[in-house]
Structures are given as structure tokens and as C-alpha cells.
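A.B. asks: Sharing a structure, written as C-alpha cells. Questions coming.
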Amino acid sequence: MNLLYIVILGFALFFALQLINRLALLIPGEGSWRSFLLRSLPLLEFVVWLAFAFWSARIVFSGLPYRGVVESAMALVLIVALGWYVLRDFLNGVLLKSESDFKKGQIIKTPLVSGKVARVGYRTVQVETEKGEKVRIPFARLGDAIISSPPEKGQGHSQMLRFSLSQGKDTPGLPEEIKQVLYNLPWIILENEPLVHLVRDARDKPQLEVKFSVIKEEHALLVEQKLKAYLEGGDNRENYLV
Numbered sequence: 000m001n002l003l004y005i006v007i008l009g010f011a012l013f014f015a016l017q018l019i020n021r022l023a024l025l026i027p028g029e030g031s032w033r034s035f036l037l038r039s040l041p042l043l044e045f046v047v048w049l050a051f052a053f054w055s056a057r058i059v060f061s062g063l064p065y066r067g068v069v070e071s072a073m074a075l076v077l078i079v080a081l082g083w084y085v086l087r088d089f090l091n092g093v094l095l096k097s098e099s100d101f102k103k104g105q106i107i108k109t110p111l112v113s114g115k116v117a118r119v120g121y122r123t124v125q126v127e128t129e130k131g132e133k134v135r136i137p138f139a140r141l142g143d144a145i146i147s148s149p150p151e152k153g154q155g156h157s158q159m160l161r162f163s164l165s166q167g168k169d170t171p172g173l174p175e176e177i178k179q180v181l182y183n184l185p186w187i188i189l190e191n192e193p194l195v196h197l198v199r200d201a202r203d204k205p206q207l208e209v210k211f212s213v214i215k216e217e218h219a220l221l222v223e224q225k226l227k228a229y230l231e232g233g234d235n236r237e238n239y240l241v
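Reminder that position 86 of the sequence shown reads as 85 in numbering that gives the first Met the number 0, one-by-one numbering, no gaps.
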């Protein structure tokens, strides 16, 4: 009968925690307290399930001579699991840093995400994607990552592109958007700062002038294709080109 009570309580606890998580997502606002609450819920859920597991073991094995052994074994497994969870990313980070010399601006490609290294921590590396999103990846998941470094400043090939814009599409924020796209392309040499300006042609038509440096000359065509695709719109973005 005790086992039945434990099963029923386990289901009730599961649905209660799911309800709490759903209600927390409905809290309005974007304040720091809301963010703290959402980050704290997984830890709270872990503590609740941990307490439930030890309580269940005490009920199931009560009266048995080896109850203490079972509880000690559970505690040992928990300590080993927590230790491995905490240390695995740190140890992988030490090994990867010693082999790859992680630093900001490197190009990284993983099965999860691709982009440029924005920040290197003790347990994670922050990658900025082509869309400008910043994603933190634990070092333990970077075993199959391809990491490359751009050439030093002064190397590479300088290029300039011009795109004809539709009337009224030469908005002041467009150059910064294009810079963000360039920053996340693997062929761009970031040490040579890309320059993006709104200009006018001989007929006073708006144009976008883009200057950048690439690792190889053939990469300029790839950059042009990426920029043209961005300016043509798609994914709910407007079309800037004529």
C-alpha cells in the first residue's frame, strides 16, 4: 500500500510542478525578479524531486536491516553525479583551451550552432550566430566543433560592393544591420573593420556601399550573395533592393 501512495504522490507532484512552471511563464513583465524566478524553478524542482526520492526510499525500505546502506548508496551516486555535472564542462574547457587557444572572434561550427566566439567562460563558450543571437554552449558539447582563426590584421583581400536601393529604403539603421551580418560571416576579417555607408549615385539614387576584407578573393562572391539575400528580404524582413 505504501508503494501505491508513493506512486500517487509522485504523479501529483509531477503535475503540480508542471502547473507551477506554466503559471510562472504567464507572469507579466520582463523584470529581473521574473528572470530570477524562472531561473530558480529548475533548481527548486530538482530539490523537490531529490527530497521525494530519499523520502520514498525511507518508506519503501523502512524496517529492513540494509536501509542505511541503500540511503548511503543513493547519496554517493548523487554526489558523484553532481560532481561530474559540475566538473565535466570545466575539465573539457581546460582541455579545449589548451588545444585550441579559444579567443574572441574565432569562427566555430558545431552540430548545434555556428558563429563567432563572443565570450569564453570557465564552463561555457558564448557564440554569436549570423542572426545576432548569442548562445551559450557547454564545453562538454564542443567535442566535434570545428574552430578556425581569421588572418591577422593587414592580411586578406579588400573588397567593395554597392547595392542599389529602392527609394525610401536608405534608412539610417540599415548600415548597422549590414555590419551585424558581416560580423557573423566566417569569411570576413574582423580585425579590418568593415565599413558600410549610404551613398548616392550620379542620378541621385540611393545606394549601399560596403567595404570589407576577406580571407580569400573567392570569398567576396559568397559575401555578396549573403548580403544580397539579406537585402532582398525573407523571414518577414522587408526588401531593400530595386
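Note that CB positions come from ideal geometry on N, CA and C, so glycine has one too.
1. Quick one: is residue 52 buried, meaning 16 or more other Cβ sit within 10 Å of its Cβ, or exposed?
2. Taking 8 angstroms as the threshold (C-beta atoms), are residue 16 and residue 44 in contact?
3. Let me know the secondary structure DSSP gives residue 195 once reduced to three states.
4. Below 8 angstroms, can you find three or more Cβ-Cβ pairs linking the region 172 to 190 to the region 203 to 222?
5. Output the boundary residues of the beta strand (DSSP E) element that contains residue 117.
6. Among 131, 155, 118, 65, whose alpha-carbon lies nearest the alpha-carbon of residue 137?
7. Just the C-alpha distance for residue 8 and residue 72, rounded to the nearest angstrom, thanks.
8. To the nearest angstrom, report how far apart residue 155 and residue 227 are at their CA atoms.
9. Where does residue 60 sit, in a helix, a strand or coil, going by DSSP?
10. Leaving out the 5 sequence neighbours to the left and right, which residues in its chain are closer than 6 angstroms to residue 168 when beta-carbon positions are compared?
11. Do you know whose CA, among 198, 1, 125, 39, lies nearest residue 163's CA?
12. Would you mind sorting residue 230 into buried or exposed? The rule is 16 or more other CB atoms within 10 Å of its CB.
13. How would you write the range of the beta strand (DSSP E) that residue 136 sits in, first residue to last?
14. Grab the span of the alpha helix (DSSP H) containing residue 5 for me, first residue to last.
15. Which of the three DSSP states is assigned to residue 202 in this structure?
C.D. replies: Straight from the coordinates:
1. By the neighbour-count criterion, in which a residue is buried when 16 or more other Cβ atoms sit within 10 angstroms of its Cβ, residue 52 is exposed.
2. The Cβ-Cβ distance between residue 44 and residue 16 falls below 8 angstroms.
3. For residue 195, the three-state secondary structure derived from DSSP is strand.
4. The count of Cβ pairs closer than 8 angstroms, one atom from the region 172 to 190 and one from the region 203 to 222, reaches three, so the stretches are in contact.
5. Run containing residue 117: 113 to 119, per the beta strand (DSSP E) assignment.
6. When only C-alpha atoms are compared, the closest one is 118.
7. When the Cα atoms are used, residue 8 and residue 72 turn out to be separated by approximately 24 angstroms.
8. Approximately 22 angstroms between the Cα atoms of the pair.
9. Looking at residue 60 - three-state DSSP - the assignment turns out to be coil, as it is neither helix nor strand.
10. Excluding sequence neighbours, residue 168 sits near 239.
11. Ranking 198, 1, 125, 39 by Cα distance to residue 163 puts 198 first.
12. The residue is buried, with at least 16 neighbouring Cβ atoms inside 10 Å.
13. According to the DSSP assignment, residue 136 belongs to the beta strand (DSSP E) that extends over 133 to 137.
14. First-last of the alpha helix (DSSP H) with residue 5: 1 to 24.
15. Under the three-state reduction of DSSP, residue 202 is assigned to coil, being neither helix nor strand.
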